[in-house]
Structure formats: structure tokens, C-alpha cells
Amino acid sequence: MQNLIIFKRLLAIFAVAFLGLSSGCSDESNGDLTPPELTLDKTGERSTLVRFVDLAGDVEEGAAVDVRIEPDATVGEVDQSEQGRWTCSLSDLDVGTSTVIVSAEDEAGNLSSLTFFLTYDGFALDELVSPTVERAQTLTGTYDPYNVGSIQVALKGEEPGAADLESSDGTWSFLLEGLADGENKVTLEAFEDENATSSLRSLKVEITVQAVTIDVVDDLTNQSEQTISGSFDPSQVDAVLVKIDGGEELPATVQDGGWSYLVAGLDEEDTYDVSVVARKDGQKVVTEKTVITLDLTAPFAEETNPREGAVDVEAETDISVLLSESLDPDTFGERSLVMVDAGGNEVDGQAAYSEIFRVAIFTVAEGLALDSGTTYTMSFGEGITDLAGNPLDDFSWSFTTAEGSP
Numbered sequence: 002m003q004n005l006i007i008f009k010r011l012l013a014i015f016a017v018a019f020l021g022l023s024s025g026c027s028d029e030s031n032g033d034l035t036p037p038e039l040t041l042d043k044t045g046e047r048s049t050l051v052r053f054v055d056l057a058g059d060v061e062e063g064a065a066v067d068v069r070i071e072p073d074a075t076v077g078e079v080d081q082s083e084q085g086r087w088t089c090s091l092s093d094l095d096v097g098t099s100t101v102i103v104s105a106e107d108e109a110g111n112l113s114s115l116t117f118f119l120t121y122d123g124f125a126l127d128e129l130v131s132p133t134v135e136r137a138q139t140l141t142g143t144y145d146p147y148n149v150g151s152i153q154v155a156l157k158g159e160e161p162g163a164a165d166l167e168s169s170d171g172t173w174s175f176l177l178e179g180l181a182d183g184e185n186k187v188t189l190e191a192f193e194d195e196n197a198t199s200s201l202r203s204l205k206v207e208i209t210v211q212a213v214t215i216d217v218v219d220d221l222t223n224q225s226e227q228t229i230s231g232s233f234d235p236s237q238v239d240a241v242l243v244k245i246d247g248g249e250e251l252p253a254t255v256q257d258g259g260w261s262y263l264v265a266g267l268d269e270e271d272t273y274d275v276s277v278v279a280r281k282d283g284q285k286v287v288t289e290k291t292v293i294t295l296d297l298t299a300p301f302a303e304e305t306n307p308r309e310g311a312v313d314v315e316a317e318t319d320i321s322v323l324l325s326e327s328l329d330p331d332t333f334g335e336r337s338l339v340m341v342d343a344g345g346n347e348v349d350g351q352a353a354y355s356e357i358f359r360v361a362i363f364t365v366a367e368g369l370a371l372d373s374g375t376t377y378t379m380s381f382g383e384g385i386t387d388l389a390g391n392p393l394d395d396f397s398w399s400f401t402t403a404e405g406s407p
């Protein structure tokens, strides 16, 4: 754990040093090797249905912002306010993914840069229903009404049909009929013109039609029973049966093309195989399978930094906990890990959770320093669970800062 924290800190130090050394050599007189502060309101991968996007952020006073995009698109003028706010508009985006680079250069020649991916799709498809027992399905989605003149939809081997476009809200729909048993390959293609001669982008999807389906199952749970359900095609199926771990086939409740079954008696931690068997006149039509994993073990703290009872701890030490298993991130908030001093006073700070490393982290509020020679206690808040819903074991630990620290 400590090695991981040290490694991450070294990476951060190296990144700052590299940026400074690579950009500060142009002006040795003032010794300024610190890259200017630069932010972008939204970072990471973005997707847009229109060919233009507005960018904005903040930059250190005195630094100039430059915006580039690869492949080329139209980059508008970068406007910078006296308060350090910058804005820029991109237009005429190419279909597909472009790389956007935002950089800032200060008066000493130091550089900072931010890079993200921007994808122009032209049109998008809402979530499909697949697998399904239905042989027709209405497809819906959104599109760019400024640059898309038509959207064509076709089953493999069939003539395409035109989707209905609603330019007022940028939505489209198409009733897809003639789906057959098994996998159905569907092509959707957007064109710049109404006559469908100038292709903009195509998308291929598959819709699977089968005699029986299983709805989404809570496959990781701490409950000994749960109701599973799904649909079936009455023209092909007259009975739906369920068996657990290869046991006896037991009838599900069926009504109006739907079925349900109460899986009960799961009392040992294990992964249970669930088979849903569709029959017609006693003959098996198809079997669909899923699993349910029963997890009854509560998560707990495996390792802390600083360790329990540690003394002479530097005030700047990273405070973190390694958990025994993954937590449900929706149950962990900014106050899920708290710090109090020896007098029971809560220390201002913020908690965070890393799903990748299974680590809970506490960061003291900016500008606040821990007192020297003081014992601090860390504890978890309520409502934290693992992915199966098991509550985190009660846990707290204490450490004492070094005299004279910081």
C-alpha cells in the first residue's frame, strides 16, 4: 500500500518536473520553471451529435491559450478575460474521433497542455431490446438536424427503409419488422441529403430473437431468495421451467407472454447456475442460462496508512485504507471516511474511493494543516456496502503526528 502511494507521488513529481524543464529553458533569467495553471470545464472523452462545440476553462493570469484539433477542423478565436477565463468554439468537425489539444504558455515560456478526444457521431441509436421474443421493434435515437438529411435502416439482405426524422427536437424512429429467430444483423446509415446519396456514417447492430428471455438478474447478492422473470413467445412455448444447479425442473408462473419464478433457499456462499427451459407440447424448445452468486461476507479494512497506533507521523502523510473487496461506489460519499482530533472535533476534509485499487482516501481540506503531537482518529460513516449489499464492518484507527510537524 505504502509503495503504491509513493509510486503515485513520484509520478506526480516527475510530471511536474518534466513540464517545467521542457518549457522553462527559454528564459533562464527569472528561474521560473513552473508551468502555468490551465483547466478545462469538461475533460476526458466527449461525444457530440452536432459538428460544433464550445470549450471553456480557466488559465493563469498572463498565460496565452492555444487550441488545436487533429484532424483539422475550424478553430475559432480564443477569447481570454482579465479574470483568467478562456473560451473557444470548434466547428466543421470530421465524422469520427478527433484529438483536441489545449495548451497555455506563460511569459517565461513554460507550457501546460490538456488533451481529450472529441467524437462527432452525426446520429445515435437508443438502447436496443436484445435478446427479445418480439419479431418487430421500434428503433429510436437522436441525430444532427443540421447535417443529416436522412437515416436508412435495413435488415441484412433486405431493402432499406427511411426513418422518420423530427428536426424540431433532433429525434428519429423506425419500425423494424420481419425479425427472424436467431441473430438479425441491422445496418443504420445517416446521409447528408434526403435522397440518401452522400453517406455520413453507418452503424451495424444485432438483434437476437429467441423463444424465451431472461430479464436482468441480480447476479451478485446477499439475499437468500429473489424473483427472476422474463418473456416467452406463446406461439413457440407453452411451458417455462426453472432448475437450479442441474436439479429438478420446476414450473414458472406464466401469464400474457411473461414468466416469473422465486429462487429460494440459497443459504451458502456459492455461484448457482440457473437454467430456464422453454417447452412446447413437452418437447424442449430452448434453454437459457444465468447465474446467481450469493455473497454473505462483509467487507473489512485490510491495511491502513498510517498504521493503527503509529506515532511520529508526518502531518502531510497520505491517509488511506485498503479494503478487502470492492465497495459499491454509490454508497461511498465525501463524508464516508471522517477524521476527529483528540478533543472529538471533526477535521475538515473530503473522502474519496478508488474502485480500481479498492482504496478509501481522506484528504485534509486545502490550506488546513494537522497539529503536531496530536492523536487523530479515522472512522467510516454509515451505509457503506460491498457490491452484494453487505455493510462494511465497523472500523476505526488512530495515529499521532510527530512533534514539530509540519
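Each residue of the sequence shown is one higher than the one before, counting from 2 in the working numbering. Built from N, CA and C at the ideal position, the CB exists for glycine as well. This one's a predicted model, so the numbers in the text were calculated from it and none came from an experiment.
| Query | Result |
| --- | --- |
| For the beta strand (DSSP E) that A181 lies in, which residues bound it at each end? | Here A181 belongs to no beta strand (DSSP E), and DSSP marks it neither H nor E. |
| Below 8 Å on the Cβ atoms is my guess for L176 versus T139; work out the distance and round it to an integer in Å. | 5 Å |
| Going by CA-CA distance only, name the one from A240, I320, R308 and L328 that's closest to V287. | A240 |
| Is A105 near V66, with beta carbons less than 8 Å apart? | yes |
| Report back the beta-carbon spacing between G405 and S373 to the nearest angstrom; my notes put them in contact at under 8 Å. | 5 Å |
| Go to V154, then tell me how far its beta strand (DSSP E) extends in each direction, as first and last residue. | S151 to L156 |
| State the DSSP-derived secondary structure class of P36, mapped to helix, strand or coil. | coil |
| Thinking C-alpha only, which one of D93, A64, A74 and D95 is nearest Q81? | A64 |
| Using CA coordinates, which residue listed in P235, T188 and I70 is at the minimum distance from L126? | T188 |
| In chain order, which beta strand (DSSP E) runs of at least 3 residues are fully inside the segment 96-158? | 97-106, 112-121, 124-126, 138-144 and 151-156 |
| Could you tell me whether the Cβ atoms of V210 and R136 are closer together than 8 Å? | yes |
| I'd like the list of long-range same chain contacts for R336, defined as Cβ closer than 6 Å, with 5 residues on each side in sequence excluded. | G382 |
| Between the segment 222-237 and the segment 249-265, do at least 3 Cβ pairs fall closer than 8 Å? | yes |
| With distance defined between alpha-carbon atoms, name the residue in L119, Q84, T214 and G158 nearest to R69. | L119 |
| V154: buried (16+ other C-beta within 10 angstroms of its C-beta) or exposed? | buried |
| Under three-state DSSP, which class holds P252? | strand |
| In angstroms, rounded to a whole number, what distance separates the CA positions of L201 and S151? | 10 Å |
| Applying the 10 Å Cβ sphere with the 16-neighbour rule, what's the burial state of A366? | exposed |
| Counting only the same chain and skipping the five closest in sequence on each side, list residues whose C-beta sits under 8 Å from that of S397. | T378, M379, S380 and F381 |
| Based on the DSSP output, what are the partners of E289 in its beta bridges? | V277 |
| What residue from T116, T401 and L295 has the CA that sits closest to A311's CA? | T401 |
| Can you give the Cα-Cα distance for D219 and S114, rounded to whole angstroms? | 43 Å |
| Assign P392 to one of three DSSP states: helix, strand, or coil. | strand |
| For D271, list the residues DSSP reports as bridge partners. | L295 |
| Among V101, G162, F333 and P161, which one has its Cα closest to the Cα of A74? | V101 |
| Between E46 and F117, which are expected to be in contact by the criterion C-beta below 8 Å, what is the C-beta distance as a whole number of angstroms? | 7 Å |
| Taking all protein chains shown into account, do 16 or more other C-beta atoms lie within 10 angstroms of the C-beta of R86, making it buried, or fewer, making it exposed? | exposed |
| Please confirm whether G32 has its beta-carbon closer than 8 Å to some beta-carbon of chain D. | Here there is only one protein chain, and chain D is not present. |
| Quick check on the burial criterion: 16 or more other C-beta atoms within 10 angstroms. Buried or exposed for P217? | Before going on, a small fix: residue 217 reads as Val here, not Pro. Exposed: under 16 other Cβ atoms inside 10 Å. |
| Measuring CA to CA, which of D296, D165, A316 and S399 is closest to L338? | S399 |
| Does the separation of the CB atoms of I245 and V206 fall below 8 Å? | no |
| Within this structure, are the beta carbons of E184 and N148 separated by less than 8 Å? | no |
| Could you work out which residue in F124, S90 and P72 is closest to T48 when comparing CA atoms only? | The residue you asked about is not Thr; residue 48 is Ser in the sequence shown. Among F124, S90 and P72, the Cα nearest to that of S48 is on F124. |
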